[in-house]
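Positions 475 to 1070 (our numbering) are the ones given, in order, by the sequence shown.
Heads up, the beta-carbon is just placed ideally off N, CA and C, and yes, glycines get one too.
Read the structure below first, then the notes.
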Amino acid sequence: MAYNHYILVCGGTGCESNKGDEIFKNLIAEAEKQGVKDQVQIVKTGCFGFCEKGPIVKVLPEDSFYVEVKPEDAQTIIAEQIVKGREVKKLLYKKDEANKNKVAVEDIEFYQKQLRVVLRNCGVINPENIDEYIAREGYVALEKVLFEMTPEQVIEELKISGLRGRGGAGFPTWLKWDIARKVPGDVKYMICNADEGDPGAYMDRSTIEGDPHSIIEAMVIAGKVIGAHQGFVYIRAEYPLAIDRLQIAIEQAKEYGLLGKNILGSGFDFDIEIRLGAGAFVCGEETALIQSIEGKRGMPVPKPPFPAQSGLWGKPTVINNVETLANIPVILTKGGAWLAKIGTEKSKGTKVFALTGKVNNSGLVEVPMGTTLREIIFDIGGGIKNGKKFKGVQTGGPSGGILTEKDLDTPIDYESLTALGSMMGSGGMIVMDEDDCVVDVSRFYMEFCVDESCGKCSPCRIGTTQILKLLEKIARGNGEMSDLDKLEDIGKAMTKASLCMLGGSAANPTLSTIRNFRDEYIEHIVDKKCRAGKCKHLVRFEIDPNKCIGCGLCARRCPVSCISGEKRQPHVIDASKCIKCGECYNVCKFGAVMKK
């Protein structure tokens, strides 16, 4: 059936949690109520990426890009645009309040420097409809691999493409596949690592939610190339929407003969099972992930042998993360040389980042390798919120380092970030402003690593605990200058001696902040001062008598009654009783309470 209009409703987790499903249902109900259900197709898609402006609704063919949509707006969208043929101007994206004119989607700053390869179908197709995936060259690559290409030719295309593992290690994908292919044996396995555990990261989740068939297609291709007939998707149970859509996609692929026995009549069998992880960060490490699938406690094991040689149940196993796999169908459809033209000499293609923190346009970003941090944060991200000063950006999650203003023009690739003491990681990117404290941030990441350490090896188990204790000591105002040397010595020992990369990289946030913000650590130790006011033991609150009008609001809100004063007279804080909760600072309407 041909429709006059198509309405795409963002169905990613972010928008779904902000009444996106209600918007979708209201649009369907209004279309029927207003008698235009045969004129418009309403589809729930994957993530549009522009999470800061969600929920998002897009209407075609006018290319109307509606942001911050509410359930009650459904009636207006149908009545105005579908029935009367005119856009709802109040919902259209605008660059700023002064600019009331419509901005074309391709001209929105957030999208201008992006290149969607991995996210090519997210926000475009209904992820629960296999026909829409097929209509956009879906399963074309699988057909080529089954009937036109040899395993050696597939590996050669991957080699030409320069694709490297997007899970953080950056290992050449073609080489991993080739090693597993050449190991003798009739039983081999293919695993998709969807155990995304970095704080602030949601790249893999969104890819599966918006384009699950791309992962299935890539896994079947990998199975054919290496000689595997069984695949597993290891995904954390906290991703219910991604799990549901992946399960639907698996069932549809089986129904279409694209998964299971005798795929497309080729004689090749391949099946996929979903295995749910319990949320252990360490299970993102491939050997720990294998242990978990086998029903054991998720703990890393020494390498070699590597999983490609001896992995799941002792058999050759290829493990790729979601983003790596999402590249495979495109490479084999368009050719390895096509992807190789994108990016830098050693880092080809694109990279997806979850841009979060103190940035105006938070969301899911996909850019060519070599794009600078400045372009992502200030051009795509729209700069720092509330006009604050940029302080740093954490790349690579708990395993990465914090980069500063002097690093903003660094091209993003594997080697450049590593050289700066950080890493690509899976793609988390958390922006910090002047109100963030590096000691507090380092403490947060180390606390995370202490909680997530499996405890198997001493460098990680003991090292993370000792670093956390030292950071807490400094944050309380009890630090000594010798503690900085201790932090560096322990961090370097962990880097060299830990069994896996959780321990091997856990000290990166601490080491990078000591290197880049040493003066701030010294302030905490020598001056007993936290310039950002985050370390509450080093903060004191005072009331400016020239600004205080004696309204008494701060005294009424104080949980320990440490504020006193006569009505309409300046009040005073008893520092000996103050627990530094900051409630007085937050409620004062006259700026009389000062944080020092």
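Beta bridge pairing from DSSP links Ser-1038 with Val-1046.
Straight across, the Cα-Cα distance linking Gly-1065 with Glu-1040 is about 19 Å. By the criterion of at least three beta-carbon pairs nearer than 8 Å, the segment 803–814 is not in contact with the segment 784–795. One thing to note: Phe-706 has its Cβ no nearer than 9 Å to the Cβ of Leu-616. The alpha helix (DSSP H) runs of length 4 or more contained entirely in the segment 837–912 are, from start to end of the chain, 888–893. Distances from the CA of Leu-632 to each of Tyr-477, Glu-506 and Leu-813 were compared; the closest alpha carbon is that of Leu-813. As DSSP reads the structure, Glu-1016 sits in a beta bridge with Met-1068.
If you look at Thr-791, you'll find it in the beta strand (DSSP E) that goes 791–795. Annotated three-state conformation of Phe-621 is helix, per DSSP. For Thr-869, the closest of Cys-1028, Val-1000, Lys-507 and Gly-895 by C-alpha to C-alpha distance is Gly-895. Assignment of Glu-546 by DSSP, reduced to helix, strand and coil, places it in the coil class. Remark: C-beta atoms of Val-591 and Pro-529 do not approach each other more closely than 9 Å.
The residues Gly-523, Gln-588, Leu-589, Arg-590, Val-591, Val-592, Leu-593, Thr-824, Lys-825, Val-826 and Phe-827, in chain order, have a CB closer than 8 Å to that of Glu-840 in the same chain once the five nearest residues on each side in sequence are set aside.
Around the beta carbon of Asn-600, 16 or more other beta carbons lie within 10 angstroms, which makes this residue buried. Excluding sequence positions up to five before and after Ala-702, its CB lies within less than 6 Å of the CB of Lys-662, Tyr-663 and Met-664, all in the same chain and listed in chain order.
For Ser-635, the three-state secondary structure derived from DSSP is helix. Contact check for Ala-727 against Asn-794 fails: the beta carbons are separated by 9 Å or more. The beta-carbon distance between Thr-798 and Gly-641, rounded to whole angstroms, is 7 Å. This is short enough to meet the 8 Å contact definition. A straight-line Cα-Cα distance of about 38 Å links Lys-698 and Asp-495.
Nearest to Gly-612 by C-alpha distance, out of Ala-762, Ile-689, Phe-621 and Asn-1060, is Ile-689. When the Cα atoms are used, Phe-918 and Asp-669 turn out to be separated by approximately 21 Å. For Met-664, there is no enclosing alpha helix (DSSP H); the enclosing beta strand (DSSP E) has its first and last residue at 663–668. The alpha-carbon separation between Lys-777 and Lys-544 amounts to approximately 52 Å. Note that the segment 897–915 touches the segment 847–863; at least 3 beta-carbon pairs, one per stretch, sit closer than 8 Å. Scanning Leu-738, Ile-964 and Glu-760 for the CA closest to the CA of Met-975 turns up Glu-760. Our two residues, Gly-855 and Gly-520, have alpha carbons roughly 20 Å apart in a direct line. Cβ contact annotation for Arg-989 (same chain, cutoff 7 Å, sequence separation greater than five): Gly-895, in chain order. Around the beta carbon of Gly-929, fewer than 16 other beta carbons lie within 10 angstroms, which makes this residue exposed. When Ile-682, Val-541, Gly-636 and Ile-695 are compared, the shortest CA-CA separation from Arg-655 is found for Ile-695.
Sorting Arg-950, Pro-1019 and Gln-555 by C-alpha distance to the C-alpha of Val-1013 places Arg-950 at the top.
Less than 9 Å divides the Cβ of Gln-783 from the Cβ of Ile-653. Counting along the chain, Leu-944 sits inside the alpha helix (DSSP H) bounded by residues 932–949.
Distance check between Arg-719 and each of Glu-490, Asp-745, Gly-597 and Gly-684 places Gly-684 closest, using alpha-carbon atoms only. Here DSSP, grouped into helix, strand and coil, assigns Cys-484 to strand. When secondary structure is reduced to three states using DSSP, Tyr-613 falls in the coil class, being assigned neither helix nor strand. Cβ contact annotation for Ser-986 (same chain, cutoff 7 Å, sequence separation greater than five): Gly-875, Ile-876, Gly-895 and Ser-896, in chain order.
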